[in-house]
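If you use mature numbering (1 follows the signal peptide of the UniProt record, and there is no 0), the sequence shown corresponds to residues -20 to -1, 1 to 323, in order.
To start, the structure itself, in structure tokens.
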Amino acid sequence: MKIGLFVFANAVFAAVQLFAAADALADEQIRIVGSSTVYPFATAVAEYFGKTTGGKAPVVESIGTGGGLKLFCASLDAASPDIAAASRRIRPSETANCAEHGVKDIAEITIGFDGLVIVNARPNKPMHLTRQQLFQAIAKSVPQNGKWVANPYRRWRDIDAALPDEKILIFGPAPNHGTRDSLVDLAMTQACAEFPALKGIEERQQRTICAAVREDGAFVDVSQNYSIALQRLIMEPHAVGILPFSYFDQNTDKIQAASFDGQEATYDNIFSGRYSLSRPLFLYVKTAHLQTTRGLREYIAAFTSEKAWSRDGYLAERGLIALADDQRGQEAAKVAELLKTAH
């Protein structure tokens, strides 16, 4: 009996030691989850961090903004993510979910801008689209004769005679991507509001109509990273894709951008706001982990350094649209205060 108790006690002790070791290892490596749009930038800083500090490069997981924030909010444990990367601002419901799981102190850092770019494969002719034309191509319901009907448009020319006589096939972001939310907010909802047929409909139903994407095969959800969408575009030469600016910018030899409401998808147009499909990008940081996760403070400092996130920084080479100097200065001051108080 004593031998059995001794063995049991040793087993319990070993298990405790194992979990303690796992927590210690978790504390030694930064974990970042979330946006596929922010992924290339977070990875670039992780590589720089690994080379310059001698520490372990952070683990960066591309699972989409929604999935990343859900995982980020699930726990305050050492093994839980330290940072959530997001291509949209965190929602009140997500903040509440965080609080329910003990994740109450979260720092928001705006890191730059991105643009949603409508692309097709070279050597096809580039497209020229308006907000309403894009809505009519991807919406589940469209107005006809004052009523909302199931989307009947099968070819671009069905929408407007000036558009190509090609089948509508769009590879776009799946609902788990923050880019899908941006597409709805920046393009679909605004275009939808301009149709007289929306008047007189209850507000909640309006939101449903304006945000619903067609499910008849003309719009294909891409739930993985955007490299998959790029591959599909090349395989389907007459298809159209909706990608973050950084993925377009790194692949201009294979794809080209459509103009949108008369504006080209260029760095300068996104930076100035002339290109209307632009949105800010964010990092969300567990402030409690600044005390416990080795290197987290240094990683954040590296990300928000002029060497990284300025217009001449190495992240601009990856397609990040820098914040204006004054806004970047405000964010840098906020980060400096965060890191100082986290000591």
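Don't be surprised by glycine CBs; every beta carbon is placed ideally from N, CA and C.
Keep in mind that this is a model prediction, so the values were computed, not measured.
Where G158 sits in the DSSP three-state scheme:
Within the sequence shown, residue 158 is the residue found at index 178, counting from 1. The answer is helix: DSSP assigns G158 an H, G or I state.
Just tell me which of G299, G46 and N249 has its CA closest to the CA of N231.
In the sequence shown, the residue the question calls residue 231 occupies position 251. N231 has its Cα closest to that of G299, out of G299, G46 and N249.
Quick check on DSSP: helix, strand or coil for K234?
Taking the sequence shown and counting its residues from 1, the one referred to as residue 234 is at position 254. Coil, per DSSP.
May I have the straight-line CA-CA distance separating F225 from E278, to the nearest angstrom?
The count along the sequence shown starts at 1 and reaches residue 225 at position 245. The count along the sequence shown starts at 1 and reaches residue 278 at position 298. Using only the alpha carbons, I get a separation of about 27 Å.
Give every residue of the same chain whose Cβ lies closer than 8 Å to the Cβ of F52, excluding the five residues on either side of it in the sequence, and list them in chain order.
As a position in the sequence shown, residue 52 is number 72, starting the count at 1. The answer, listed in chain order, is V13, G14, S60, P61, I63, A64, C78, V83, Y264 and K266.
Going straight from the alpha carbon of Q307 to that of I86, what length do you get?
As a working mapping, residue 307 is identified with position 327 in the sequence shown. As a working mapping, residue 86 is identified with position 106 in the sequence shown. Their backbone Cα atoms lie some 20 Å apart in a straight line.
Pair within 7 Å by beta-carbon distance, T17 and S67
The residue labelled residue 17 in the question sits at position 37 within the sequence shown. The residue labelled residue 67 in the question sits at position 87 within the sequence shown. A contact, by the Cβ cut-off of 7 Å.
How big is the Cα-Cα spacing for H108 and K234?
Here residue 108 refers to the residue found at position 128 when the sequence shown is read from its first residue. Here residue 234 refers to the residue found at position 254 when the sequence shown is read from its first residue. The alpha-carbon atoms of H108 and K234 are separated by roughly 18 Å.
Pairwise C-alpha distance: L318 and R212
The residue labelled residue 212 in the question sits at position 232 within the sequence shown. The residue labelled residue 318 in the question sits at position 338 within the sequence shown. Their Cα atoms are separated by approximately 42 Å.
Contact set for D241: own chain, Cβ-Cβ below 7 Å, skip 5 residues either direction:
Residue 241 sits at position 261 when you count from the first residue of the sequence shown. These residues qualify, in order along the chain: T110, R111 and S256.
Under 8 Å, with one C-beta from each stretch per pair, do the region 153 to 163 and the region 238 to 254 reach the 3-pair mark?
no
Alpha-carbon to alpha-carbon, Y206 and G293:
In the sequence shown, counting from the first residue as 1, residue 293 sits at position 313. In the sequence shown, counting from the first residue as 1, residue 206 sits at position 226. Distance between the alpha carbons of G293 and Y206: 23 Å.
Going by C-alpha to C-alpha distance, which of V99, G47 and P20 sits closest to S239?
Taking the sequence shown and counting its residues from 1, one reaches residue 239 at position 259. Of the listed residues, the one whose Cα sits closest to S239 is V99.
What residues in its chain sit with their C-beta under 6 Å from that of D201, if we drop five residues either side in the sequence?
Translated into positions along the sequence shown, residue 201 becomes position 221. So the list reads A154, once near-sequence residues are dropped.
On a CA-only basis, which of F228, E146, I189 and D165 is nearest P217? Give me that one, please.
Taking the sequence shown and counting its residues from 1, the one referred to as residue 217 is at position 237. That would be E146, whose Cα lies nearest to the Cα of P217.
For Y279, name the three-state secondary structure that DSSP assigns.
Looking up residue 279 in the sequence shown gives position 299. Of the three classes helix, strand and coil, the one that applies to Y279 here is helix, per DSSP.
Return the Cβ separation of V40 and Y19 in integer angstroms, given the expectation that the two are a contact with Cβ distance under 8 Å.
On the sequence shown, position 60 is the one that residue 40 refers to. On the sequence shown, position 39 is the one that residue 19 refers to. Contact holds; Cβ gap of about 6 Å.
Since N100 is in the alpha helix (DSSP H), which residue starts that stretch and which ends it?
For this step, residue 100 is matched to residue 120 along the sequence shown. Segment I86 to A101 is the beta strand (DSSP E) holding N100; no alpha helix (DSSP H) there.
Between D44 and N156, which are expected to be in contact by the criterion C-beta below 8 Å, what is the C-beta distance as a whole number of angstroms?
As a working mapping, residue 44 is identified with position 64 in the sequence shown. As a working mapping, residue 156 is identified with position 176 in the sequence shown. The amino acid at residue 44 is misidentified as Asp; the sequence shows Gly. Between N156 and G44 the Cβ distance is about 4 Å, and since that is below 8 Å, they are a contact.
Counting C-beta neighbours from all protein chains within 10 Å, is the total for D94 16 or more, i.e. buried, or is it exposed?
On the sequence shown, position 114 is the one that residue 94 refers to. D94 is buried by the Cβ-count criterion.
Let's see if you can read the secondary structure: which residues bound the beta strand (DSSP E) around A65?
Numbered from its first residue, the sequence shown carries residue 65 at position 85. First-last of the beta strand (DSSP E) with A65: I63 to A66.
Check whether the Cβ atoms of T273 and I10 lie closer than 7 Å to each other.
Taking the first residue of the sequence shown as 1, we reach residue 273 at position 293. Taking the first residue of the sequence shown as 1, we reach residue 10 at position 30. Yes; because the gap between Cβ atoms is below 7 Å, this pair is in contact.
Using C-beta distances below 7 Å, list every residue in its chain close to L276, excluding the 5 sequence neighbours before and after it, in chain order.
Counting from one through the sequence shown, the residue named residue 276 turns up at place 296. So the qualifying residues of the chain are I10, D62, H269 and L270.
Does the beta-carbon of E80 have 16 or more other beta-carbons within 10 angstroms, so that it is buried, or is it exposed?
Position 100 of the sequence shown, counted from the first residue, corresponds to residue 80. So E80 ends up on the exposed side.
Report buried or exposed for G47, applying the criterion of at least 16 other Cβ atoms within 10 angstroms of its Cβ.
For the purposes of this step, residue 47 is identified with residue 67 of the sequence shown, where counting begins at 1. Looking at its Cβ environment, which holds 16 or more other Cβ atoms inside 10 Å, G47 is buried.
Residue range of the beta strand (DSSP E) that residue 328 falls in?
The first residue shown for the chain is -20 and the last is 323, placing residue 328 beyond what the model contains.
Taking just the CA atoms, how far does E286 sit from A316?
Within the sequence shown, numbered from 1, the residue matching residue 316 stands at position 336. Within the sequence shown, numbered from 1, the residue matching residue 286 stands at position 306. C-alpha separation (whole angstroms): 13 Å.
Run the CB neighbour count on G253, radius 10 Å, all protein chains shown included, and call it buried at 16 or more, exposed below.
For this step, residue 253 is matched to residue 273 along the sequence shown. When all chains shown are included, G253 counts as exposed.
Does DSSP put L114 in a helix, in a strand, or in coil?
Here the question's residue 114 lines up with position 134 in the sequence shown. Helix, per DSSP.
Return helix, strand or coil for A6, following the three-state DSSP convention.
In the sequence shown, residue 6 corresponds to position 26, counting from 1. For A6, the predicted structure reports a pLDDT of 48, less than 50, and the residue's modelled location is therefore unreliable. A value from the coordinates is still provided. If DSSP states are grouped into helix, strand and coil, A6 belongs with the helices.
Taking the alpha carbon of A281 as the point to measure from, which residue in F251, K320 and N249 has its own alpha carbon closest?
In the sequence shown, counting from the first residue as 1, residue 281 sits at position 301. Checked all of F251, K320 and N249; the closest Cα to A281 is K320.
Enumerate in chain order the residues of its own chain whose CB-to-CB distance from P258 is below 6 Å, with the five nearest sequence positions on each side excluded.
In the sequence shown, the residue the question calls residue 258 occupies position 278. For clarity, residue 258 is Ser in the given sequence; the question names Pro instead. These residues qualify, in order along the chain: F93, G95 and I250.
What is the rounded straight-line gap between the Cα of A304 and the Cα of K127?
Locating residue 304 in the sequence shown gives position 324, counting from the first residue. Locating residue 127 in the sequence shown gives position 147, counting from the first residue. Their backbone Cα atoms lie some 44 Å apart in a straight line.
Buried or exposed by the 16-neighbour rule on C-beta atoms within 10 Å, applied to M215:
Within the sequence shown, residue 215 is the residue found at index 235, counting from 1. M215 is exposed by the Cβ-count criterion.
Spatial neighbours of K314 in its chain, beta-carbon cut-off 6 Å, leaving aside the 5 residues before and after:
In the sequence shown, residue 314 corresponds to position 334, counting from 1. So the list is empty, once near-sequence residues are dropped.
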